[in-house]
Each structure stands twice: as structure tokens, then as C-alpha cells.
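J.: In our numbering, the protein residues as written are 2 to 194.
Don't be surprised by glycine CBs; every beta carbon is placed ideally from N, CA and C.
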Amino acid sequence: MKKEKVNVAVFVSGGGTNCENLIRYFQHSETVNIALVVSNKADAYALVRAERFDIPTTVVPKAELNNPDVMMPLMQRYDIQFIVLAGFLPLVPDYLIDAYPRRIINLHPALLPKFGGKGMWGHHVHEAVKAAGEKETGMTVHYVTPVCDGGEIIAQYRTALSPNDTVDDIAEKEHQLEMEFFPKVVEEVLLRS
2 MKKEKVNVAV FVSGGGTNCE NLIRYFQHSE TVNIALVVSN KADAYALVRA ERFDIPTTVV
62 PKAELNNPDV MMPLMQRYDI QFIVLAGFLP LVPDYLIDAY PRRIINLHPA LLPKFGGKGM
122 WGHHVHEAVK AAGEKETGMT VHYVTPVCDG GEIIAQYRTA LSPNDTVDDI AEKEHQLEME
182 FFPKVVEEVL LRS
């Protein structure tokens with residue numbers, strides 16, 4: 002008997018390069034279906050990227066994100082079984098974490114537990130890595146818990162840094178890891194869940 006595809010919602014806040022990478026990676030998958038892209042920002046370019054692939058999108062402002070009476074029917078309408086955060090900035094509300102135990106994962110642009118927590122996103126992370134004089138950086142994929150960036154680490158990938166690397170160089174090196182490894186990690190987690 003053929004296994005049903007796992008319906009995944011990708012939560013985004015920005016440009017959506019990781020979102021598009023996931024969509025492309027799973028486009029012809031027999032096991033994974035990117036069923037919905039959710040953004041907290043109406044102007045997130047990730048929505049445009051998703052629409053180009055005919056993936057349904059929706060905008061959920063913070064008040065709606067925090068309202069189970071809005072979010073749970075949305076998740077049910079698309080039969081969402083798993084959530085992937087790909088550059089999603091708001092904290093995921095506890096009720097959603099409870100509804101999807103060990104079925105929400107996040108990509109963080111540093112080697113947690115370093116450079117994680119409130120305010121540590123995007124360029125802020127890479128600036129902190131540079132300021133600390135780190136010799137390496139990387140990406141972390143982890144389960145989402147009520148503690149910001151505190152969930153169990155699923156996978157980490159590293160890249161060496163040189164003292165001459167600018168913040169933009171650090172960001173680019175780390176982003177290359179995301180492009181190469183994030184979809185594969187998502188797939189591995191989904192296949193064993």
C-alpha cells in the first residue's frame with residue numbers, strides 16, 4: 002500500500018530562498034508535499050516565490066498566529082502534519098507546539114547553543130559571530146519548543162571562517178550550507194516521523 006504524502010506547512014517572514022529551495026527539492030517527491038506557505042508579513046517575498054509554484058499561501062499577523070481559533074482550522078484545512086520554519090521570526094505559540102509535538106523544526110543560522118535566543122536572527126547572528134572572532138560558523142536544524150532556539154538539535158553543518166571575512170561573507174558561507182543541507186535534513190526528519 003502506498004504511503005500518503007506528508008503535508009508540510011512552511012512558515013516564513015522574509016525573502017524565502019530556503020522556502021523556494023524546499024519547494025523545488027520536494028516538487029516531485031512521493032513522500033512530501035509542501036501544502037501551504039504561511040507568513041506573518043504580507044510583503045514577504047517568500048509568498049511570491051511560493052505562488053510561482055502554485056503553492057497556497059496565507060498571511061497570518063501576530064494576533065492571528067497567537068489565536069488557536071484561527072490557526073488550528075487553517076492547519077486542518079490543509080491537513081498539515083508537519084511545520085518547517087524557514088526564516089520565520091515570531092515565536093511559535095505554545096498551543097501550536099503542543100498540537101505538533103516534535104513536528105515543528107527550525108533552521109537557525111549559527112551553531113547553537115551559541116548565538117541563539119531572542120533577537121538572534123538574520124544579520125544580527127552573523128554580526129555576533131564576527132564580533133566574537135569565531136573561527137567557524139554554520140547552521141543548526143532543531144525541534145521547536147517554547148524556549149527560543151532551545152529545542153533538541155537535529156543536525157549541524159559547519160564552515161570555516163577567516164579573520165578577513167566580512168559579516169556579508171559569513172552570511173554567504175552559512176547560506177550556502179542552508180541551500181545544500183536544509184532540504185535533506187527536513188526529508189530525513191519527515192521520513193522517520
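Using 8 Å for Cβ pairs, my map puts VAL38 next to CYS20. What's the rounded Cβ distance?
T.: Confirmed, Cβ separation roughly 6 Å.
J.: Using the C-alpha atoms, what's the distance from SER40 back to GLY15?
T.: Each residue's alpha carbon lies about 8 Å from the other.
J.: In angstroms with no decimal places, state the Cα-to-Cα distance between GLY17 and ARG25.
T.: About 12 Å.
J.: With a 10 Å radius around its C-beta and 16 neighbouring C-beta atoms as the bar for buried, classify GLU179 as buried or exposed.
T.: It is buried - the Cβ of GLU179 has at least 16 other Cβ atoms within 10 Å.
J.: Distance, Cα to Cα, PHE54 vs ILE35?
T.: Taking the straight line from one Cα to the other gives about 10 Å.
J.: With which residues is ALA9 paired in a DSSP beta bridge?
T.: Note on identity: in this sequence residue 9 is Val, with Ala being the wrong assignment. Beta-bridge pairing links VAL9 to ILE35, PHE83.
J.: Alpha carbon to alpha carbon, how far is TYR79 from ILE154?
T.: Answer to the nearest angstrom: the Cα atoms are 28 Å apart.
J.: Counting beta carbon pairs with one atom in the stretch 133-140 and one in the stretch 86-105, are three or more of them shorter than 8 Å?
T.: These segments do not touch.
J.: Comparing C-alpha positions only, which one of THR146, VAL130, LEU191 sits nearest to SER163?
T.: Here the closest residue by C-alpha is VAL130.
J.: Hey, would you say GLY134 sits closer than 7 Å to HIS143, going by beta carbons?
T.: Not in contact: GLY134 and HIS143 (Cβ atoms no closer than 7 Å).
J.: Can you give me the start and stop residues for the beta strand (DSSP E) that ILE196 sits inside?
T.: With the chain represented from 2 up to 194, any question about residue 196 goes unanswered, as that position is not in the structure.
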